[in-house]
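For reference, the structure is listed below as structure tokens.
4 protein chains.
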Amino acid sequence: MAVKQRARKDEDKAARRRAILTVAARLLGRKQYHRITMAEVARRCHLAKGTLYLYFRSKEELFLAALEDELAQWFDALGEQLAALASGSADAPERFAATVARSLVERETLTDLLPLLHTVLEQNIDEDTAAAFKQMLLRKVGEGATAVHLALPGLAPGDGVRVLMRLHALVVGLRQMADPAPVVAQVLARPQMEPLRVEFEEELRGSLAAMVRGMLPLQVVSSVA
Amino acid sequence: MAVKQRARKDEDKAARRRAILTVAARLLGRKQYHRITMAEVARRCHLAKGTLYLYFRSKEELFLAALEDELAQWFDALGEQLAALASGSADAPERFAATVARSLVERETLTDLLPLLHTVLEQNIDEDTAAAFKQMLLRKVGEGATAVHLALPGLAPGDGVRVLMRLHALVVGLRQMADPAPVVAQVLARPQMEPLRVEFEEELRGSLAAMVRGMLPLQVVSSVA
Amino acid sequence: MAVKQRARKDEDKAARRRAILTVAARLLGRKQYHRITMAEVARRCHLAKGTLYLYFRSKEELFLAALEDELAQWFDALGEQLAALASGSADAPERFAATVARSLVERETLTDLLPLLHTVLEQNIDEDTAAAFKQMLLRKVGEGATAVHLALPGLAPGDGVRVLMRLHALVVGLRQMADPAPVVAQVLARPQMEPLRVEFEEELRGSLAAMVRGMLPLQVVSSVA
Amino acid sequence: MAVKQRARKDEDKAARRRAILTVAARLLGRKQYHRITMAEVARRCHLAKGTLYLYFRSKEELFLAALEDELAQWFDALGEQLAALASGSADAPERFAATVARSLVERETLTDLLPLLHTVLEQNIDEDTAAAFKQMLLRKVGEGATAVHLALPGLAPGDGVRVLMRLHALVVGLRQMADPAPVVAQVLARPQMEPLRVEFEEELRGSLAAMVRGMLPLQVVSSVA
DNA sequence: AATGAATGAGGATTCATTCAT
DNA sequence: TATGAATGAATCCTCATTCAT
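Printed below as a string of structure tokens:
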């Protein structure tokens with residue numbers, strides 16, 4: 001966090017870059033992407049506006065980089081957490097889902113950024129940036145899939161990736177549903193609205209568990225019974 | 001479509017209102033919400049900009065109304081289609097999922113509007129509008145849940161609504177993943193990117209089927225074995 | 001100048017358009033094009049910034065329109081003034097040059113705008129705008145050439161247009177030389193700098209007269225001698 | 001072009017300075033002054049941005065220095081070329097004009113820089129710089145005028161300088177007219193636009209010849225007759 | 001002398017919404 | 001009810017210049 005006035009060495013520059021990403025991510029926790037201005041990011045970094053553009057070519061690239069970081073960290077953490085999971089037991093799907101949901105709740109920034117990916121971030125970048133991002137994603141998804149298969153041994157080959165893709169979709173969808181605008185939140189607070197309320201972690205855990213159960217072969221279940 | 005110059009009677013007004021919604025919805029099929037201007041909607045309706053505001057208080061309300069329409073129609077259609085489904089068979093989840101996915105693909109507009117709901121449409125509306133929308137949604141979800149239970153008899157009480165909520169999340173997430181920006185689409189076209197490509201209908205059907213299977217009691221499965 | 005709050009009729013709109021052009025032109029007399037902001041033009045028109053864009057699609061188009069107006073008016077005035085000139089006399093070139101130079105000095109705005117034409121105004125316009133401008137110019141140049149031939153009967157066919165084109169070049173060049181930046185003006189005020197000082201009207205008259213003399217056939221001169 | 005890493009000796013510094021000017025001038029042949037950034041000049045010099053400012057105090061001074069160089073060289077070359085001209089013949093003006101026009105076409109950079117002089121370069125310099133430039137110009141114009149008088153013996157005293165000043169104006173004006181923006185060029189390519197097209201060398205030669213003829217005393221002509 | 005990270009002022013343009021007619 | 005002229009807030013990015021190293 002302590003970056004010299006002028007980041008001359010590569011490691012200083014990397015630190016400053018990270019500092020900017022941290023500020024941007026934190027800001028995203030407080031307001032919508034569209035309400036965040038580059039001026040504000042700069043101000044909170046104690047930097048000039050122009051300086052941001054030394055590190056990122058556009059607002060989109062800045063937040064895409066933030067997502068990239070978050071994603072990489074999450075995948076790494078997830079890999080460890082899944083490895084620590086005793087696998088193969090009957091409640092593997094539940095334990096898997098709980099682990100994943102927990103890991104995502106702990107990374108609120110990631111779930112803030114994820115819905116922006118297709119809607120905003122990928123709309124104004126060049127092919128190289130897009131390619132670099134997707135390449136990284138591909139690699140991480142590959143690693144992640146391996147971890148998934150470890151935690152869910154019965155899963156058919158190829159379904160590890162599929163689980164992650166479906167997880168992505170669920171996160172994006174549920175995150176939006178779980179974070180209504182204030183006015184809407186007020187409406188949803190009414191008693192009869194209970195069925196429409198979504199609690200992110202709980203719902204993610206539940207739906208992911210169900211989805212995974214549904215993807216596992218029946219035999220596993222039968223043999224238990 | 002043929003509306004009188006001045007819509008004096010209530011039915012004329014309703015017709016004009018619907019005409020506006022149709023135009024707006026069609027436009028959304030062609031470009032992003034943010035790229036659509038009220039001026040363009042007005043032009044394509046052969047109306048003046050100000051006139052739109054006689055029917056809708058804001059851009060958000062206009063598209064929220066469009067969503068409301070689409071949603072209502074979809075729920076109605078879904079109800080019928082699910083009722084027509086022979087229920088209780090072993091492949092109920094698959095047939096259910098296929099029916100649902102098909103019904104959504106046929107209503108592209110709905111799946112265009114749905115991701116906007118929390119991100120945009122609910123951001124600039126007043127409590128009354130929000131309440132009216134949620135009330136309508138609650139009612140439709142209730143009806144829909146009944147239809148779901150008919151198609152999936154084994155489903156636990158309360159899980160009908162849950163299926164619909166999770167479906168909502170999946171649609172939002174998958175729709176975005178399935179419609180990448182042109183630049184990104186180009187990158188995804190590379191052979192090695194295959195795992196990251198999402199085909200909406202197929203993926204929705206697959207994940208919904210899995211999710212539903214996972215929500216059904218094990219007994220169903222056992223009885224098959 | 002008195003335009004209603006809302007210009008609803010075409011003639012009101014034309015009046016407002018003209019009012020904007022007048023303000024813009026006046027401003028150009030005081031500062032460089034690049035120092036003029038659309039905000040300032042709007043402010044001096046007592047209009048909102050956005051309103052300018054209802055009348056002109058860009059800053060360039062605004063000033064191009066101003067030039068168009070000035071040019072048209074000048075050509076018309078010049079036509080009359082040249083027609084009033086007794087032609088054919090031995091000092092026709094001098095009288096022609098004096099008339100032209102005078103007419104341009106009286107239209108300082110035109111000579112302010114002219115140097116911008118190729119440097120700035122034509123840099124950011126679309127083909128239609130460019131075509132419309134050039135078409136108008138072509139027409140006016142045609143009319144102007146006729147007037148030139150009336151004032152200078154000895155001129156070879158085709159040289160009327162040529163005189164106007166060369167005049168254009170002279171005006172652009174001399175106008176810049178005659179209006180140095182303050183710092184430069186101070187330097188040029190030193191006695192020894194006298195040869196580098198340019199007085200616009202005098203120099204334009206002199207060079208135009210010489211140029212025209214040189215374009216007239218020698219016989220005219222010989223026969224006089 | 002091969003300059004040491006650190007220019008310690010004065011001659012090294014002069015060489016580096018010249019290298020920068022060369023790069024800047026070459027760049028100007030390819031794009032508009034405003035589109036050229038100091039960063040680009042530096043990059044093409046394989047120097048850091050800051051280094052440019054060790055040699056020139058501002059972008060304007062840099063290009064002014066480039067103009068100064070070009071101008072000096074041109075005046076020198078012109079002096080020689082005019083001296084080589086057999087003078088006093090009947091077609092002296094034509095030969096003079098052709099020589100001048102040719103010398104300018106061969107120095108495209110000079111004609112690129114000249115229109116910038118009053119519009120841009122002299123706008124952001126201090127009095128000393130301005131004085132130095134004008135002093136140099138004065139000296140060169142004096143020498144040039146002598147050469148002009150040699151080539152055009154009939155010219156009245158003082159008209160040598162005048163020819164050069166008018167030449168300056170013509171070059172600035174014609175150069176702009178001869179280099180339209182791409183969009184405009186397209187419009188001018190239409191057949192009916194022929195009268196508005198300007199070919200630099202041809203038009204400069206023609207107008208300069210006419211101007212000079214018009215500045216020469218009638219006797220010259222009479223003696224021919 | 002050379003570097004290059006940091007600065008920060010500067011400006012055109014869009015568009016949802018209003019309101020006079 | 002319909003119009004469409006007027007509004008004006010809102011914001012990203014560039015780039016000449018500086019200065020710490």
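Protein chains in written order, with this note's numbering: chain A, 1 to 225; chain B, 1 to 225; chain C, 1 to 225; chain D, 1 to 225.
C-beta: ideal position from N, C-alpha, C; glycine also.
Just so it is clear, the structure is predicted and the values come from calculations on it, not from any experiment.
Distance CB(residue i)-CB(residue j) smaller than 8 angstroms
| i | j | result |
| --- | --- | --- |
| C:A92 | C:L152 | yes |
| B:F56 | B:A65 | yes |
| D:I20 | D:L71 | no |
| D:R17 | D:P115 | no |
| C:L78 | C:A147 | yes |
| C:V198 | C:A178 | yes |
| C:L170 | D:A169 | yes |
| A:V183 | B:D126 | yes |
| A:M193 | B:K134 | yes |
| C:A145 | D:V187 | no |
| B:L137 | A:L196 | yes |
Any C-beta of chain D under 8 angstroms from that of residue i
| i | result |
| --- | --- |
| C:H118 | yes |
| C:E68 | no |
| C:A181 | yes |
Chain A within 8 angstroms of residue i, Cβ atoms only
| i | result |
| --- | --- |
| B:S207 | yes |
| B:R139 | no |
| B:M193 | yes |
| B:S223 | Because the pLDDT of B:S223 is 41, which lies under 50, any placement of that residue in the model is unreliable, and the number read from its coordinates should be weighed accordingly. It does not; no Cβ of chain A falls within 8 angstroms. |
| B:P153 | no |
| B:D126 | yes |
| B:Q176 | yes |
| B:G104 | Note that residue 104 of chain B corresponds to Leu in the displayed sequence, not to Gly. Answer no: the Cβ-Cβ gap between B:L104 and chain A never drops below 8 angstroms. |
| B:E122 | yes |
| B:V212 | yes |
| B:V161 | yes |
Boundaries (first-last residue) of the alpha helix (DSSP H) holding residue i
| i | result |
| --- | --- |
| B:A210 | 200 to 215 |
| C:E40 | 38 to 45 |
| D:G79 | 59 to 83 |
| A:Y53 | 49 to 55 |
| A:E94 | 92 to 105 |
| C:H34 | No alpha helix (DSSP H) contains C:H34, which DSSP labels as neither H nor E. |
| A:A151 | 127 to 151 |
| D:V163 | 159 to 178 |
| B:M185 | Per the sequence shown, the amino acid found at residue 185 of chain B is Ala instead of Met. Where B:A185 is concerned, the enclosing alpha helix (DSSP H) stretches over 182 to 188. |
Closer than 8 angstroms to chain B by CB, residue i
| i | result |
| --- | --- |
| A:D76 | no |
| A:I36 | no |
| A:V172 | yes |
| A:V148 | no |
Same chain only: Cβ atoms within 8 angstroms of residue i, ignoring 5 sequence neighbours per side
| i | result |
| --- | --- |
| A:G29 | E108, T109, D112 |
| B:F63 | A24, L28, Y33, L113, L116, V120, L121 |
8 angstroms Cβ cutoff, residue i in contact with chain C
| i | result |
| --- | --- |
| D:E143 | no |
| D:R166 | yes |
| D:M136 | no |
| D:L188 | yes |
| D:L196 | yes |
Sequence-distant residues of its chain with Cβ nearer than 6 angstroms to residue i (five each side left out)
| i | result |
| --- | --- |
| C:V105 | E201 |
| A:A25 | A66, T109 |
| B:D159 | M215 |
Cβ neighbours of residue i in the same chain (closer than 7 angstroms, five flanking residues each side left out)
| i | result |
| --- | --- |
| D:Q226 | With chain D represented from 1 up to 225, any question about residue 226 of chain D goes unanswered, as that position is not in the structure. |
| B:C45 | A19, I20, V23 |
| C:N124 | S58, E60 |
| A:D69 | L21 |
| A:V212 | P93, F96, A97, L152, V163 |
Contact test: residue i Cβ vs the ligand FAD heavy atom, cutoff 7 angstroms
| i | result |
| --- | --- |
| D:R139 | Absence of the ligand FAD is noted for the structure shown, with no ligands found whatsoever. |
Any 3 or more C-beta pairs closer than 8 angstroms across the stretch 164 to 171 of chain C and the stretch 131 to 151 of chain C: Yes, the stretch 164 to 171 of chain C is in contact with the stretch 131 to 151 of chain C.
contact_flag[the stretch 94 to 102 of chain D, the stretch 117 to 130 of chain D] where n(CB pairs < 8 angstroms) is 3 or more: Cβ pair count under 8 angstroms is below three, so no.
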